[in-house]
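The listed protein sequences correspond, in order, to chains U and D.
If you count the first sequence from 1, you need to add 5 to reach the working numbering.
If you count the second sequence from 1, you need to add 5 to reach the working numbering.
Reviewing the structure listed below.
Number of protein chains: 2
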Amino acid sequence: MSQNLIKPATIFTAKPPPICYFLFFIILCILGFYALHFPPRIPQNAALYRQMFLSSGDNYTLYSYLRALTQHPHLAGTKPSLDTANYVKTHFQTLGLETHVVPFKALLSYPLHASVALHFRNGTELKLPLNEVGISGYAVSGLVQPYHAYSPSGSAHAKVVFVNYGREEDYRALAVRGVDVNGCIVIARKGDDLGRGAVVEIAEAKGALAVLIYAEGDRSRGGFGTGVERGTVMRGVGDPQSPGWPGIEDGEKLGLQESEVLSRFPRIPSLPLPFETAQIILESLGGGLMPQEWRDSGQSRFSGVGPGPVMLNFTYQGEKKLATIYNVFAVIRGSEEPDRYVLLGNHRDAWTYGAVDPNSGTSALLDIARRYALLMRKGWNPRRTIVLCSWDAEEFGMIGSTEWVEQNLINLGAKAVAYLNVDCAVQGPGFFVGATPQLDNLIFEVTKKIKDPDSEGATVYEKWTTINGVKNIQRLNSVDSDFVPFLQHAGVPSVDIYYGSDFPVYHTAFDSFDWMINNADPFFHRHLAVTGIWGLLALHLADDSILPFNYHSYADQLKEYKDVLSSFVDNSISIALLTASIEELYSAAKQAEDEAKRLMEQEAAATSIILKMRALNDRLLLAEKGFLDPEGLKGRQWFKHLVYGPCNNHESKLVFFPGIADSIQESTRMSTGDEQKAIQHEIWKVARAIQRAAGALRGELS
Amino acid sequence: MSQNLIKPATIFTAKPPPICYFLFFIILCILGFYALHFPPRIPQNAALYRQMFLSSGDNYTLYSYLRALTQHPHLAGTKPSLDTANYVKTHFQTLGLETHVVPFKALLSYPLHASVALHFRNGTELKLPLNEVGISGYAVSGLVQPYHAYSPSGSAHAKVVFVNYGREEDYRALAVRGVDVNGCIVIARKGDDLGRGAVVEIAEAKGALAVLIYAEGDRSRGGFGTGVERGTVMRGVGDPQSPGWPGIEDGEKLGLQESEVLSRFPRIPSLPLPFETAQIILESLGGGLMPQEWRDSGQSRFSGVGPGPVMLNFTYQGEKKLATIYNVFAVIRGSEEPDRYVLLGNHRDAWTYGAVDPNSGTSALLDIARRYALLMRKGWNPRRTIVLCSWDAEEFGMIGSTEWVEQNLINLGAKAVAYLNVDCAVQGPGFFVGATPQLDNLIFEVTKKIKDPDSEGATVYEKWTTINGVKNIQRLNSVDSDFVPFLQHAGVPSVDIYYGSDFPVYHTAFDSFDWMINNADPFFHRHLAVTGIWGLLALHLADDSILPFNYHSYADQLKEYKDVLSSFVDNSISIALLTASIEELYSAAKQAEDEAKRLMEQEAAATSIILKMRALNDRLLLAEKGFLDPEGLKGRQWFKHLVYGPCNNHESKLVFFPGIADSIQESTRMSTGDEQKAIQHEIWKVARAIQRAAGALRGELS
């Protein structure tokens, strides 16, 4: 027993024999060697940092960013716009983030003079107001008068015809009543189907001399109906003088008289009108009787569509000129895969004050920068590189983002993980999102983590899905924000996030900080929600060791499209390969999913797995590229994506597979044989695109 | 001192106290943990395996492979051709290599009947021989009669005109003498400037009814001048019924009457003639006097160019039909980067016995398979995946390789390291190589390791460079072997290797094993050299941790091109951006070089470096893609490479920058203003392409 007492003592007191020192020495050498050659990979606790990100949200900072950004109107190419660029740059720099400002010289368009007057038979003339009622001193405040960017200068003295929403079907309804707009000035109300550019394009085709467009004010929302909607009428996206290539200093710029440049602009002038001014003109109309359904949809006060009898004097003078625009970037280098990019983008330029469009998004971007910088101070570094992008001149046709994407096409095509866009972060209540389908699941997961701004104790996901069901993620086939060059030209998986679907002060002088406070987001809780969702999506895409892409959702979506398509084509058209290609994508998605599971399990065993994960991620990235066709869509080569892109034809019923949609629309104009062949060929192309995507996802050579 | 004697003893005899066991246990745990989680990366001794590869060469195996492959003629689409596919497949499988056979149904073309007869004034007719003299029983031996694949069937009864080499300048020389070939049959001798297809294309444009082509027999080389050169006259590459997309089962196939398909075939028939037959026809010619320089170049025996006086009866009947072709692959999976591919390719199909063209290359491919399998048994595994490709139907227009590249476009574009082509491995003496410039240095290094087959104690490098100087690596802008789809369509860095620049039995019945033995390579030492160079290039590309790409050489080459170009255009054309873009490439190359050095030094420190190397290699791969233009070359969209590709115009002086070359050639047909603009635009495009390559190599977003 005494021994028992002594023994332990001896272990620590008895001077150990030399062999122990020898052993210690050996151990130290071995440990030293290993420590030096195989530093243990301490996996960052990404979940912890995501938690930290969520808890660092603050609606007051969002409020203050927005107030600072919206003090003055900041139209692209103007001094106040440069001030906002510097504000964003300084913000990034102050946070200690790597900051870049990339300027481009681009062709922008500004108004010089506009006038619209009714010319009565008795010779009297009534000059009509064109500016917002209740706003004075445009020049002083720096507000640009209402106009359509890239509208040609021109005058017209002619009778007016009301063309409802300006759609082809509206002109057909007029034709039935024997009303021809050829040689007339047309007035159209803003509808949901057509963009402003399309309204002008169709009117031009019908032989109209000029176009007036007004928005029906929603009187219910505190008298903001008097705003006048500015906007671009340029066709296509990007600087018209450098179509398809970057408009860099000393780069190629086409002359303004080149047909390729001219084709981007309307040939007839157009102007936006205040609601009241539009009413005066409509009241003056006699002529053909207005179709009942037009009246039912809010035109009950008027009966005539014209032409005339009263004449209208129309004059617009504008100038197109080279202006310098500024894209501002903050870069957070990835620690393990710095050559993989997760991009968050929002444009900064505004038609007026831009409280909603786009600076509600800008304030979110600035707050994400603040919160990421905070995480970095806590030791976080993303696995992949994160790039915060503040675009310029989006309002003129996504010029800032398009020229930059064209300049970085190869690197973005090979290395961009995803592009997350926020334009108008908050327009009103209700969560909305558009995305390429492989990102659906991630969006569901992330929205489950974010408090709903408008209902106590619920998550965004709960509120969102209870209101409009789960399957309500929109697809990005429109051409209306900066995701267009990323997805539709470069094939980068993309997301577009916003609160509120529509707002009455869109592109008007009333899109101000006050309006935001009084109407869209008094307490900036919706800003907070968007910021949380946006920033959390990026954290997953930047930190998850396996990219959170699910191509099963993509296959599901394509299957739906295929089913819809089959109802549009008769049996003479074969969709067999299309069906087969979607099955290929399903099995490739399954294969990738299983592989991801396996790798996650093995991840602990560190080093040997790194390249395997990288290789799988490369395949997950490459798959979207399969949907691109190098030759692009017929008649608009710049659009390379065969699943998501704009249709040429405004009446198209298909809002996906743009190439197929066009061939179906055009089919009426061809002999049946040619129709069949054209449609069939486009279907072949889409099927091959899906096969390419499946092959890229599978990764194996055939 | 006695202590000194005892102490050592005690260390090993004295029972150590328990703490030692305890320490041992700790050590074991620690070591176990490390061993489990950070298995030391034992870098394979690649140099050792390369040495092993070199020492395993054996000319006898090459000899036996070639003999086996050339026992029967094996024209693509025939049973004997399928036998060769099975021979190659069995060889790969016997070696234990992962083997794939990928069949395609493609439109091939075979002769049914041909006759050429002189029709004298006195009504007598002289039927002329069309087959090789001294070869009998074509049908029995399975030899195909001399013909031009894809020539339309047709007859002509007309006078003959001799058009020298059939170049534009030859027709101009005839025109000066008042000789018009319109409505005539033309006879041309084979020249170096024009391919057979181009000769027919030009004759067709001049209004000729049919074309006869003969090769001037080189009497010096053992009477093989009597051979008749078969060949394709199809325009473009790949299956004409699936232009730009893979001709897979159930895939889209255009109808034979579609204009896009018809445009691939000549509209007038043509035939190859034996030398003797050509002489008889030439002797019969009166008419215009032959230009002196034509006679100086070997036509001294004749004076007249025709037309006539004698009439010629020409008939050719052939059939185009779907046949199954077989690409055979052996895959050696990479151990660390299985998703990166080093491809070695050679076609297998032959017009006749194919001893030179292409099976000298096939025997080299089979021997490389044997030697790689040997290395694998010794424990070798390449870092990247190696794919041995045996193509079918190359002779008909690179159909096997083109359809496969089109099917794997996305994966090859993103993951193919390089494509190493060998067609006619041995035609005679002298080493020749063509390559994209980033591979020049590797070629120099590898040829320094290979014994020269024709001079004792010298390396291939020494012999080669002393004969034609160092700067004699050709560029791959021709359209004459399977590297075309890889480089000119998919932008994969490529190499083409062969011994001997030209051989008299090209595409004739005399391209036999006997001829090889008696003329080109009696002891198969040249085969051995090609095999060594080919296999060693692949080993470096597959095993080097940093890809052995040197873009400095590319910039050098582009600079030379730029200097040549500047002598073709006047000062009104700006090449400023072109110059700047090349400078960008230089600096990007330097940057990549420095980074490679740094990483090599750090490589020992294992794990953390793996992804960095992968990232740099990705950039080295991506750079070549920058030279591609998605829209492709004007008028031949399938060709995407703006530096290396065929010129549209046969008289073009520039053999690089095909887009610029064409615009310069066409310039004579346009008003000066348009000329300038067209040329300038093409120069802009090339400059942007080089900037894309530099940007991809730099890897940074702008």
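Every residue gets a Cβ at the ideal spot worked out from N, C-alpha and C, and that includes glycine.
Values in this document were obtained by computation on a predicted structure and should not be read as measured data.
- Within chain D, the C-beta atoms nearer than 7 Å to that of G704(U) come from D344, N416, in chain order.
- The criterion of a C-beta distance shorter than 8 Å is not satisfied by A203(U) and Y170(U).
- Interface flag for A701(U) against chain D is set, since a Cβ pair is found closer than 8 Å.
- With a cut-off of 8 Å on Cβ pairs, the stretch 304-321 of chain U is in contact with the stretch 160-169 of chain U, counting three or more such pairs.
- Closest by C-alpha distance to V510(D), out of Y152(D), R235(D), V336(D), is R235(D).
- For D623(D), the closest Cβ of chain U is nearer than 8 Å.
- At a C-beta separation below 8 Å, P635(U) has these neighbours in chain D: P635, E636, G637, K645.
- Relative to the Cα of P663(U), the nearest Cα in the group D679(U), K682(U), D634(U) belongs to D634(U).
- Among the residues of the stretch 566-584 of chain U, those with a Cβ less than 9 Å away from any Cβ of chain D are A581, L582, in the order of the chain.
- Here I330(U) carries a strand assignment [DSSP, helix/strand/coil].
- CA-to-CA, the gap between S579(U) and L542(D) works out to about 47 Å.
- For the stretch 239-251 of chain U, the residues whose beta carbon sits under 9 Å from a beta carbon of chain D are, in order, G249, W250, P251.
- The CB of G631(D) comes closer than 8 Å to the CB of I415 in chain U, given here in chain order.
- L67(D) sits close to A369(D), with the two beta carbons spaced by under 8 Å.
- Using a 10 angstroms sphere on the CB of E103(D), the tally of other CB atoms stays under 16, which defines it as exposed.
- Within the stretch 94-111 of chain D, those residues whose Cβ lies closer than 9 Å to any Cβ of chain U are, in chain order, H105, V107.
- If you draw a straight line from the Cα of I373(D) to the Cα of G384(D), it comes to about 17 Å.
- DSSP, reduced to helix, strand and coil, places T471(U) within a helical segment of the structure shown.
- Here N426(D) is bridged, per DSSP, to G350(D), D501(D).
- Under DSSP, K164(U) forms a beta bridge with M316(U).
- In the DSSP assignment, the residues bridged to S275(U) are V216(U).
- In the three-state scheme derived from DSSP, where H, G and I count as helix and E and B as strand, H124(U) is classed as strand.
- Contact check for Y503(U) and P434(U): beta-carbon distance about 11 Å, past the 8 Å limit, so the pair fails to qualify.
- Here the alpha carbon of E656(D) sits roughly 16 Å from the alpha carbon of V484(D).
- When C-beta atoms of the stretch 376-383 of chain U are compared with those of the stretch 424-443 of chain U, fewer than three pairs fall below 8 Å, so the two segments do not count as touching.
- As DSSP reads the structure, A335(U) sits in a beta bridge with T104(U), L393(U).
- By the C-beta criterion, the stretch 491-503 of chain D is judged to be in contact with the stretch 622-636 of chain D, since at least 3 inter-stretch pairs fall below 8 Å.
- Cβ proximity to chain D below 7 Å picks out E341, E342 from the stretch 325-342 of chain U.
- S707(D) has a beta carbon lying within less than 8 Å of a beta carbon in chain U.
- At a beta-carbon threshold of 7 Å, none of the residues of chain D lie near D549(U); the nearest stands roughly 16 Å away.
- In this structure, DSSP gives Y115(U) an extended state, which the three-state scheme calls strand.
- Using a CB distance cut-off of 8 Å, E680(U) does not count as an interface residue toward chain D.
- Distance from the Cα of K453(U) is smallest, within the candidate group D459(U), R126(U), A463(U), for A463(U).
- Using a Cβ distance threshold of 8 Å, I587(D) and A547(D) do not count as a contacting pair.
- Among the residues of chain D, those whose CB is under 8 Å from the CB of L627(U) are I415, N416, A419, following chain order.
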